[in-house]
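Q:
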Amino acid sequence: MSTTSTISTPASYFDNVLQTLQTSGFYWGAINATQSKTLLMHKHIGTFLVRASSDPKHLFTLSLRTESGVTNIRIVMNDGKFSLDQIENNGATTRPASSSQRTALRFDCVVKMLFYYMLLTRRTLRQISSNTRKRDRGPTLFLTAPLYKEVSSLQHLCRRTLNRHVIGEGVYKLPIPAKLKVYLRKYQYPL
């Protein structure tokens, strides 16, 4: 019996995180806040990208188009888990749509975290009409669509489409070759 360790080294863990982000297509690498603002300023509210953080204490920054312009939020990594940092814009704290929770949600993958907040945004927007949106709690973070750096390969576009329609372990029930199932599971997100 083989006893292969399933614990990855910090370097391989980071490599996997970075590979998933690069595969996503909305990781823009080492661009600065001014460049991300230029890219996002004329996009729809909720459009976002991930870039390398200019703060050496953080790995990544989420840049997104909000009602008040382009906002940058640090992606915090603590104990191998990722969460969004709260920031202040003109005295008001921008926070995820699940802001009623006191503790920040933490994820093992940046893409998984952003997908979660996109789903939360969709649910929140369905529940609230623009006429009844309450402003007394300050601005709320809405993620609606990533800004892709380049057009993904047809192979990856097909994978994202399948992931949109087949949830979780449902991939293994598809009548497709095992090698294709492995490819689909390497990137499990529809964005």
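Under our numbering, the first residue of the sequence shown is numbered 208, with each subsequent residue one higher.
Don't be surprised by glycine CBs; every beta carbon is placed ideally from N, CA and C.
In this text, all values refer to a predicted model and were calculated from it rather than measured experimentally.
#1: Residues in its own chain within less than 8 Å of Phe-322 by CB, not counting five upstream and five downstream?
#2: Hey, out of Leu-350, Val-257, Gly-253 and Ile-252, whose CA is closest to Ser-243's CA?
#3: Do the region 231 to 238 and the region 355 to 368 make contact, defined as three or more Cβ pairs closer than 8 Å?
#4: Do you know how far the Cα of Ile-374 is from the Cα of Ile-383?
#5: Would Pro-263 pass as an interface residue toward chain C - the criterion being a Cβ-Cβ separation below 9 Å?
#6: Out of curiosity, what's the CA-to-CA distance linking Thr-278 and Lys-380?
#7: Tell me which same chain residues have a C-beta within less than 6 Å of the C-beta of Phe-289, skipping the five on either side of it?
#8: Taking all protein chains shown into account, decide if Ser-360 is buried (16 or more other Cβ within 10 angstroms of its Cβ) or exposed.
#9: Where does Ala-237 sit, in a helix, a strand or coil, going by DSSP?
#10: Quick one: measure Cβ to Cβ for Thr-328 and Leu-350, integer angstroms, because I've assumed they're closer than 8 Å.
#11: Alpha carbon to alpha carbon, what distance is there between Lys-388 and Arg-309?
#12: Let me confirm a value: Arg-371 is counted as buried when at least 16 other C-beta atoms fall within 10 Å, else exposed. Which label applies?
#13: State the start and end residues of the unbroken beta strand (DSSP E) segment that holds Met-284.
#14: Given a cut-off of 9 Å, decide if Phe-255 and Leu-266 are closer than it, judged by their beta-carbon atoms.
#15: DSSP puts Val-257 in a beta bridge; with which residues?
#16: Per DSSP, Leu-459 forms a beta bridge with which residues?
#17: Looking at the strands, I want to know which residues DSSP matches up with Leu-291.
#18: If you draw a straight line from the C-alpha of Met-284 to the C-alpha of Gly-236, how long is it?
A: Result, derived from the coordinates:
#1: Tyr-396, Pro-397 and Leu-398
#2: The shortest Cα separation from Ser-243 among Leu-350, Val-257, Gly-253 and Ile-252 belongs to Val-257.
#3: yes
#4: 16 Å
#5: Going by chain labels, chain C is absent from the structure shown, which holds only one protein chain.
#6: 41 Å
#7: Ile-282, Phe-314, Val-317 and Met-320
#8: exposed
#9: Note: Ala-237 maps to coil in three-state DSSP.
#10: 5 Å
#11: With a pLDDT of 41 at Arg-309, under the threshold of 50, the modelled position of that residue is not reliable, and the figure given next carries that caveat. Looking at the two C-alpha atoms, the distance is approximately 38 Å.
#12: exposed
#13: 276 to 285
#14: no
#15: Tyr-234 and Leu-269
#16: What is shown of the chain runs 208 to 398, which leaves residue 459 out entirely.
#17: Partner(s): Ile-282.
#18: 17 Å
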